[in-house]
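Each remark here refers to the structure printed beneath this line.
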Amino acid sequence: MRDLFAVIMMTGIFGLLSASFFVAMDAVDVAFTEASVGAGIATLLMLTAVTLTGRSEDSERHKPMWALVVVFTTGGLLIYGTLDMPYFGFAEAPVHQHVAPRYIYDSMQETGLPNIVTSVLASYRGFDTLGEVVVIFTAGMGVLALLRVERRPGIDQIMADSIFYLMHERHLILRIVTKMLLPFILLFALYVQFHGDFGPGGGFQAGVIFAAGIILYAMVFGLNTARYVVNRTFVRSLSAIGVLLYGGVGVVSMLLGGNFLDYDVLADSPVAGQHLGILLIELGVGLTVAAVMVIIFFNFCGRRDLP
Amino acid sequence: MDTIVSMASALCLLLGSFLCLSGGVGILRFPDFYTRMHAVGVTDTLAAAMILIGLMLQNPEGLVMLKLLLILLMTIFISPVASHALAKAAFKNDLVPLSDSNENKGGTESSIS
Chain W
786 MRDLFAVIMM
796 TGIFGLLSAS
806 FFVAMDAVDV
816 AFTEASVGAG
826 IATLLMLTAV
836 TLTGRSEDSE
846 RHKPMWALVV
856 VFTTGGLLIY
866 GTLDMPYFGF
876 AEAPVHQHVA
886 PRYIYDSMQE
896 TGLPNIVTSV
906 LASYRGFDTL
916 GEVVVIFTAG
926 MGVLALLRVE
936 RRPGIDQIMA
946 DSIFYLMHER
956 HLILRIVTKM
966 LLPFILLFAL
976 YVQFHGDFGP
986 GGGFQAGVIF
996 AAGIILYAMV
1006 FGLNTARYVV
1016 NRTFVRSLSA
1026 IGVLLYGGVG
1036 VVSMLLGGNF
1046 LDYDVLADSP
1056 VAGQHLGILL
1066 IELGVGLTVA
1076 AVMVIIFFNF
1086 CGRRDLP
Chain E
15 MDTIVSMASA
25 LCLLLGSFLC
35 LSGGVGILRF
45 PDFYTRMHAV
55 GVTDTLAAAM
65 ILIGLMLQNP
75 EGLVMLKLLL
85 ILLMTIFISP
95 VASHALAKAA
105 FKNDLVPLSD
115 SNENKGGTES
125 SIS
């Protein structure tokens, strides 16, 4: 396919289908993430990128043969690597011997959370999740370093004002419906954020949904109006504050005598400590994800508007 | 009473599935972009509403009902607006609707771009 728009739409449909089969396999948390990240915001960001680069693929200037050879070699090596692994669904596999039973039988006593996925993600495997958050933060910083557009306050202000007064002249239906839906989208994001302990959800999904609300606003009301509403310096600091909050919880638990990201020591009882720790680090994840998504979108779009 | 409710639920679900199917047939068979979009836009909203109402009747009390009601409200808002935005974007990009006077076959590469 040469038409990149069609390719992106296919990617989005693929994401939605993956989410459906994750639901069929009872992995609702993963399905939620895939639906919001893979089908939702990734498609949107790729579309924004295509507006920068142009819609159709360039003609090939290199030999794709070598790339194919590399891909096949890597794929062959990876498949060779899996030969040593236990069969899919093999009951005697090491992972089913000691790690999984502990999560399933003991996580309720140890963390007090009904949603095992959240307790694994945020507590038992908290360090891995810290890594993921740092990766997202780095992506945001990379986009800022490469694509940042310096602000020209005078022009921004004039355009924001003119758009504000002409708000209902264009896209009347879209703007009114967006205005009505936006509070519910943001409220839903907060629900997903704080309900992650009990049902599917958590910082990643909530951050993406929150960012999607802001991006929807920017798309319908124009980038300059959105910049008028969302302070860019604030968003940039927010992305760092999320990571710092996450790492800070780890440091505080170390200062209180536990291991890094060992939440047992944060409150009087281990379960209360776990509750507090997981709430705080999910908040950190949500802040960083939302801020980075908004940063990426704004900078992609800002690039496009340059003369 | 239970029989009536489950019958009504089954009827709603069947009607919703039929509408989904007819929307799918419409997008394949109709001649140009606007008629196709009309087929999907109109049937999908009603089909989703019918299926959701059918599911609500399966579980008439409790939290599930409330959540389905919220999804229904969202669908009723979002689906027609999405169709509207799509049609408006197509019209702004000079995609001419199919009529007797022009020979545009519609929906092909050349007419969209």
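Protein chains in written order, with my numbering: chain W, 786 to 1092; chain E, 15 to 127. All residues carry an ideal CB built from backbone N, CA and C; glycine is no exception. These numbers come from a predicted model, not from an experiment.
| request: Starting from W:S1038, follow its DSSP beta bridges and name the residues at the other end. | output: Answer by DSSP bridge pairing: none, since W:S1038 is not bridged.
| Cα-Cα separation, W:A816 to E:V19 | 32 Å
| request: Give the straight-line distance between the Cα atoms of W:S1038 and W:D1047, rounded to the nearest whole angstrom. | output: 6 Å
| said: I need the DSSP call for E:S113, collapsed to helix, strand or coil. | reply: coil
| Can you check whether the CB of E:A63 is closer than 8 Å to the CB of E:I90? | yes
| field | Within the segment 41-83 of chain E, ranges of the alpha helix (DSSP H) (whole runs, at least 4 residues) | value | 47-72
| request: Would you tell me roughly how many angstroms separate the C-alpha atoms of W:A1057 and W:A930, rounded to the nearest one? | output: 41 Å
| task | Please confirm whether W:F922 and W:T1073 have their CB atoms less than 8 Å apart. | result | Going by C-beta atoms, W:F922 is nearer than 8 Å to W:T1073.
| DSSP state of W:D811, grouped into three classes? | coil
| query | By the 10 Å Cβ neighbour count, where 16 or more other Cβ atoms means buried, how is W:I1081 classified, buried or exposed? | reply | buried
| message | With a threshold of 8 Å between beta-carbons, can E:A61 be considered close to chain C, or not? | response | Going by chain labels, chain C is absent from the structure shown, which instead holds the protein chains W and E.
| request: Please list the partners that E:V95 has in chain W, where partner means a Cβ-to-Cβ separation under 7 Å. | output: I958, L959 and V962
| query | Which bits of chain W does E:A99 rub up against, with CB to CB less than 7 Å? | reply | L959
| Regarding W:G1071 and the ligand MG, is the C-beta to nearest heavy atom distance less than 7 Å? | Looking for the ligand MG in the displayed structure turns up nothing, as the structure carries no ligands at all.
| message | Tell me which residues share the same chain as W:F799 and place their Cβ nearer than 7 Å to its Cβ, disregarding the 5 neighbours each side in the sequence. | response | none
| message | Please classify W:T828 as buried or exposed, where buried requires at least 16 other C-beta atoms within 10 Å of its C-beta. | response | With at least 16 other beta carbons inside 10 angstroms of its own, W:T828 counts as buried.
| task | Would you mind reading off the limits of the alpha helix (DSSP H) that contains W:H883? | result | Looking at the DSSP string, W:H883 is not in any alpha helix (DSSP H), and its letter there is neither H nor E.
| Between which two residues does the alpha helix (DSSP H) carrying W:F844 extend? | It should be noted that the sequence gives Ser, not Phe, for residue 844 of chain W. First-last for W:S844: undefined, no H or E at that position.
| field | One or two residues paired with W:D913 in a DSSP bridge | value | DSSP output for W:D913 lists no bridge partner at all.
| query | Run through DSSP, which three-state label would W:D788 get? | reply | strand
| DSSP-derived helix/strand/coil call for E:E123 | Per-residue confidence for E:E123 stands at a pLDDT of 48, beneath the threshold of 50, marking its modelled position as unreliable; no derived number is given.
| request: Measure from the alpha carbon of W:M1004 to the alpha carbon of each residue in W:C1086, W:A852, W:D869 and W:Y872, then state which is nearest. | output: Taking only the C-alpha atoms, the option nearest W:M1004 is W:C1086.
| request: Ignore the nearest five residues each way along the sequence and tell me which others in W:A785's own chain have a CB closer than 7 Å to its CB. | output: Given that chain W is displayed from residue 786 to residue 1092, the structure contains no residue 785 of chain W and the question cannot be resolved.
| said: Is there a Cβ of chain W sitting closer than 8 Å to that of E:F91, yes or no? | reply: yes
| request: Under 8 Å by Cβ, that's how I've got W:R1012 and W:T836 pegged, so tell me the actual separation to the nearest angstrom. | output: Wrong, their Cβ atoms sit about 18 Å apart, outside the cutoff.
| request: Buried or exposed for W:Y890, please, with buried defined as at least 16 other CB atoms from any protein chain shown within 10 angstroms of its CB. | output: exposed
| Quick one: which chain E residues come within Cβ less than 8 Å of W:L801? | Simply none; closest approach about 15 Å.
| said: Tell me which residues share the same chain as E:M79 and place their Cβ nearer than 7 Å to its Cβ, disregarding the 5 neighbours each side in the sequence. | reply: M70 and N73
| request: Please list the partners that W:L789 has in chain E, where partner means a Cβ-to-Cβ separation under 7 Å. | output: Under the 7 Å cutoff, chain E gives no residues; its nearest Cβ is about 13 Å from W:L789.
| message | Classify W:P985: buried if its beta carbon has 16 or more other beta carbons within 10 angstroms, exposed otherwise. | response | buried
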